[in-house]
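Heads up: the sequence shown is residues 0 to 286, going by numbering that gives the first Met the number 0.
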Amino acid sequence: MNSLGTLGIEITGLDICRDLAGDAGDNLFGDIHAAWLEAGGFMVIRDQDMTQEQHMGFSRRFGPLFHDDGQPPLQDTVSRYLHPDHPQIYRVSNKVDENGEPTGRKGAGTYWHSDVSFRDHPAHASVLYGIQVPPRGGDTVFANMTAAYEALSDGMKGMIDGLHAVHDFAVAAATQYAKPVVIDNDFDGANRCVHPVVRTHADTGKKSLYINPGFTSHLDGFTPAESKPILEPLYTHATKQDFLYRHNWRPHDVVVWDNRCLMHYAVMDYTADRYMERCTVIGEKPV
Ligand code: SIN
C-alpha cells in the first residue's frame with residue numbers, strides 16, 4: 000500500500016476477487032476500508048480482472064448499490080447508460096456498438112460534482128473500473144473537500160456552517176447534456192433535495208464542504224442570484240491545486256472514491272477509446 004500524497008492510497012498485489020472473497024476477506028477488507036478513510040477517501044487498486052458480478056460484490060462491501068432494490072430505475076437522462084442486465088452498473092464510454100449506439104455516457108462527469116448529490120440519500124462510495132483507458136489523457140481529478148473546508152477562515156466557517164443548499168439533477172441536465180438526450184423528467188423535481196453546505200462524515204467525524212457546481216442549484220432560502228456570490232468563491236477555493244489529486248488511469252485500475260468528502264471531474268482531453276463501469280453505493284442522509 001503506497002500513499003499518493005495528501006489524498007489517497009495505491010494498492011498493488013491484491014486480487015479483489017481472490018483475496019477479498021467471502022467471509023475470509025472480511026478482515027482484510029476492514030483494513031483496506033480503514034486505510035481508505037484515513038487517506039481521505041480515495042484509493043486505486045491496480046491490475047484487477049473482474050466480472051460484473053464480482054465488481055458488484057466488491058462494491059457491496061461498502062453498502063447497498065443504487066438499483067439493488069429491483070425497482071425500475073427512475074426514468075431520467077442517465078438511466079439509458081445503465082447496463083441492460085445489471086442496472087447497478089453505470090457505463091462511462093466514448094465507444095459505440097456495432098449498430099452505432101453509444102455503449103455508455105460519453106463525457107460523463109466532465110464537470111465538478113459529487114455523485115448523486117441530488118438524492119436524499121446520495122452516493123457514499125463510487126467504484127469505477129477502468130476496463131479500457133486511453134494511452135494519454137482521460138484523467139479524473141478529485142478535490143479534497145475536507146481539506147478545503149479546514150483551510151477556510153473561522154469567519155467563513157461560521158458563516159456557512161448552518162447553511163443548506165438545494166441539489167437538483169436539472170442543473171446538470173440543462174448544462175451538460177446535448178438537447179436530444181435530455182428528457183422532461185429531468186426537470187420534474189424527482190431528483191432534487193436539500194443538504195447541509197457543511198456535512199460531517201459519518202465514519203471519520205470530519206467536516207467537509209458538500210456543494211458542487213454540477214448539481215447544486217442555490218442556497219436554500221436564497222435566490223440563485225444571491226447564492227452565486229457565496230457559492231462561486233467556495234468552488235474556486237475548493238478546486239485550488241493544493242486540494243487536488245489527478246488520477247492518471249492504467250488499464251484495469253479499480254478506483255474507489257468517497258463522495259461524502261470529495262468532488263471529481265473527468266477530463267475530456269482524449270479521442271482514444273475509454274470504457275469504464277461504475278457501481279455506486281447508497282449513502283446516509285447528510286448531516
Ligand atoms: C464519473 O463522474 O463517475 C465519471 C468519472 C470518469 O469518467 O473519470
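All residues carry an ideal CB built from backbone N, CA and C; glycine is no exception.
- Counting along the chain, Asp167 sits inside the beta strand (DSSP E) bounded by residues 163-167.
- Contact check between the stretch 87-105 and the stretch 265-273: three or more CB pairs, one atom from each, fall below 8 Å, which counts as touching.
- Around the ligand SIN, the residues selected by a Cβ distance under 5 Å to any of its heavy atoms are Val91, Ala107, Gly108, Thr139, Ala265, following chain order.
- Ranked by Cα distance from Ala34, the first of Met0, Ala23, Gln70 is Met0.
- Beta-bridge analysis with DSSP links Phe41 to Trp256.
- Nearest to Asp257 by alpha-carbon distance, out of Gly188, His32, Asn247, Pro134, is His32.
- Excluding its 5 nearest sequence neighbours in each direction, Gly108 has C-beta neighbours in its own chain below 6 Å: Ala265, listed in chain order.
- Taking a contact as a CB-CB distance under 8 Å, the pair Ala122 and Phe242 does not count as one, their CB atoms being some 20 Å apart.
- For Gln47, there is no enclosing alpha helix (DSSP H), as DSSP gives it neither H nor E.
- Bounds of any alpha helix (DSSP H) do not take in Ala122; it lies within the beta strand (DSSP E) bounded by 122-131.
- Here the alpha carbons of Asp153 and His236 stand approximately 15 Å from one another.
- In this structure, Gly7 and Tyr244 form a Cβ contact; the two beta carbons are roughly 5 Å apart against a cut-off of 8 Å.
- A distance of 8 Å or more separates the beta carbons of Ile130 and Cys278.
- Take the alpha-carbon of Arg79 and the one of Pro86: they are about 10 Å apart.
- In terms of Cα proximity to His163, the closest of Met55, Phe117, Arg273 is Phe117.
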